[in-house]
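Let me begin by presenting the structure, written as structure tokens, before commenting on it.
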Amino acid sequence: MYTIEADGLTKKFGDLVAVNNLSLRIKKGEIYGFLGPNGAGKSTTIRMLCGLLRPTSGSAIVGDFSILEEPEKVKQVIGYMAQRFVLYDDLTVEENLRFYAQIYLKDYKQAVRQVAEMIDFFDLQPYRKMLARNLSGGLKQRLSLTCAVVHQPSILFLDEPTAGIDPVSRRVMWDMLYQLAGKGITLFVTTHYMEEAERCNTIGFIWQGKLVANDTPQRIKETLIEHDILNLKATPLQQAFDILKGLPSIIDVNIYGDELHVVVQEATAAIPHIKKELESNGILLEEAFQMKPTIEDVFVHLSKEEGEKRGEDE
Ligand SMILES: Nc1ncnc2c1ncn2[C@@H]1O[C@H](COP(=O)(O)OP(=O)(O)O)[C@@H](O)[C@H]1O
Ligand SMILES: [Mg+2]
6 MYTIEADGLT
16 KKFGDLVAVN
26 NLSLRIKKGE
36 IYGFLGPNGA
46 GKSTTIRMLC
56 GLLRPTSGSA
66 IVGDFSILEE
76 PEKVKQVIGY
86 MAQRFVLYDD
96 LTVEENLRFY
106 AQIYLKDYKQ
116 AVRQVAEMID
126 FFDLQPYRKM
136 LARNLSGGLK
146 QRLSLTCAVV
156 HQPSILFLDE
166 PTAGIDPVSR
176 RVMWDMLYQL
186 AGKGITLFVT
196 THYMEEAERC
206 NTIGFIWQGK
216 LVANDTPQRI
226 KETLIEHDIL
236 NLKATPLQQA
246 FDILKGLPSI
256 IDVNIYGDEL
266 HVVVQEATAA
276 IPHIKKELES
286 NGILLEEAFQ
296 MKPTIEDVFV
306 HLSKEEGEKR
316 GEDE
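Be aware that the sequence shown starts at 6, since it is given in the numbering used here, and climbs by one per residue.
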């Protein structure tokens, strides 16, 4: 039923708890989005699940194998596209693929056949003879992805596959991930782009090593439904932010570009109250309306709640 089952995974680096008692279950063929800010513990979690890094405590089963007892078998059934995946600059697209294919596939003919198939599947035909160093950023990512699946793994770990590439390439990359999921491959994808969360079947949000949310994007958004969110435009924005932050009736407020997202108990009652407070401080409220929470609103909110809880513990 589950392809990945992690139970209490913990990794400490000295005093730092990089991953803290993390448990999760992922079904076959799912796209699992693993989100969190930089330093949250995403890469460390992936490296443990891939059998590359031994946890301090806890365990996981990945594709029927224990990461503690059978890490070599785990490596056979997974593909891993690391955050800084290494392509050989001086090799062509095809040569890079053959190199990775031959690491796993001992049979040369099978490796060649598999490479040809993958070149077709990922539309790399026009670039086959190009040196990797001459590829655009998006194509380098596409080639890295192809290298990571050339041995036909059943589970694919991707560590920030869309980081630093342009929006069009990001979309192409996601199209390819859907195609892989369509073939029954389970995908574990990390990203810090919140809007990519919506593309996943399930998302986990990790914050300072702890998994603070794990559900479908829809249900995660509903966790904020007990509160309302307002979208405000006010001038000057920073001053409006400072004032709202100090009001006891405001649950949370965050700046997004030239807008504020304000979490309140109830929108209709809050708007006139906010308007009055801002105007009495000489701030112009240009616009105020209730909005649906975005995934990012929820995560920011969850992170703050978690931060407050910890503040109280200490
Ligand atoms: N090999 C290591 N030695 C010491 N600290 C590490 C090591 N790897 C990661 N860390 C620390 O663990 C935390 C989580 O890192 P990482 O898993 O890379 O986060 P993310 O991928 O979410 O950005 C960070 O504070 C990072 O500095
Ligand atoms: Mg990382």
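Where is the CB? At the ideal position from N, CA and C, for every residue including glycine.
Hey, is residue i close to ligand 1, as in C-beta under 6 angstroms from one of its heavy atoms?
| i | result |
| --- | --- |
| Q47 | At residue 47 the sequence reads Lys, which differs from the Gln that was named. Yes - ligand 1 has a heavy atom lying nearer than 6 angstroms to the Cβ of K47. |
| N43 | yes |
| A153 | no |
| A65 | no |
| A23 | yes |
| C18 | Per the sequence presented here, residue 18 reads as Phe, with Cys not at that position. Because some heavy atom of ligand 1 lies under 6 angstroms away, the Cβ of F18 counts as near it: yes. |
So is the beta-carbon of residue i under 6 angstroms away from any non-hydrogen atom of ligand 2?
| i | result |
| --- | --- |
| Q146 | no |
| Q88 | yes |
Verify whether the separation of the beta carbon atoms of residue i and residue j is less than 7 angstroms.
| i | j | result |
| --- | --- | --- |
| E203 | P172 | no |
| G209 | P158 | no |
| V258 | V267 | yes |
| Y7 | F193 | no |
| I170 | G143 | yes |
| Q115 | E165 | no |
| G68 | I160 | yes |
| A293 | D233 | no |
| K238 | P298 | no |
| L307 | V177 | no |
| E35 | N219 | no |
| G316 | I211 | no |
| S28 | G13 | yes |
| N236 | M296 | yes |
| S149 | M86 | yes |
| M199 | I300 | yes |
| H156 | Y113 | no |
| F126 | R147 | no |
| I9 | I31 | yes |
| K16 | T49 | yes |
| F39 | T228 | no |
| T151 | M123 | yes |
Please report whether the beta-carbon of residue i lies at a distance below 7 angstroms from any beta-carbon of chain C.
| i | result |
| --- | --- |
| K32 | The chain inventory of the structure shown lacks chain C, comprising one protein chain alone. |
Legend entry - Contact between the stretch 97 to 113 and the stretch 59 to 73 (3+ Cβ pairs under 8 angstroms): no
Legend entry - At least three beta-carbon pairs within less than 8 angstroms, the stretch 43 to 55 to the stretch 109 to 120: no
Inset, instruction - Examine the Cβ distances between the stretch 243 to 259 and the stretch 64 to 80 and report whether three or more of them are shorter than 8 angstroms. - result: Output reads no: the stretch 64 to 80 does not touch the stretch 243 to 259.
Inset, instruction - Determine, using beta-carbon pairs with one atom in the stretch 14 to 25 and one in the stretch 185 to 192, whether at least three such pairs fall under 8 angstroms. - result: no
Legend entry - Three-pair Cβ contact test at 8 angstroms for the stretch 125 to 137 versus the stretch 87 to 95: yes
Legend entry - Completely contained beta strand (DSSP E) runs for the stretch 67 to 98, where each covers 3 or more residues: 83 to 86
Inset, instruction - Decide if the stretch 284 to 301 is in contact with the stretch 249 to 257; the criterion is three or more beta carbon pairs, one per stretch, under 8 angstroms apart. - result: With the cut-off at 8 angstroms, the stretch 284 to 301 and the stretch 249 to 257 do not touch.
Inset, instruction - Mind listing, in chain order, the continuous alpha helix (DSSP H) runs of no fewer than 4 residues lying wholly within the stretch 144 to 198? - result: 172 to 187
Inset, instruction - List in chain order: all unbroken beta strand (DSSP E) runs of 3+ residues lying wholly within the stretch 237 to 262. - result: 255 to 261
Inset, instruction - Run through the stretch 10 to 53 for me and flag every whole beta strand (DSSP E) of 3 or more residues, listed as ranges in chain order. - result: 21 to 32, 36 to 40
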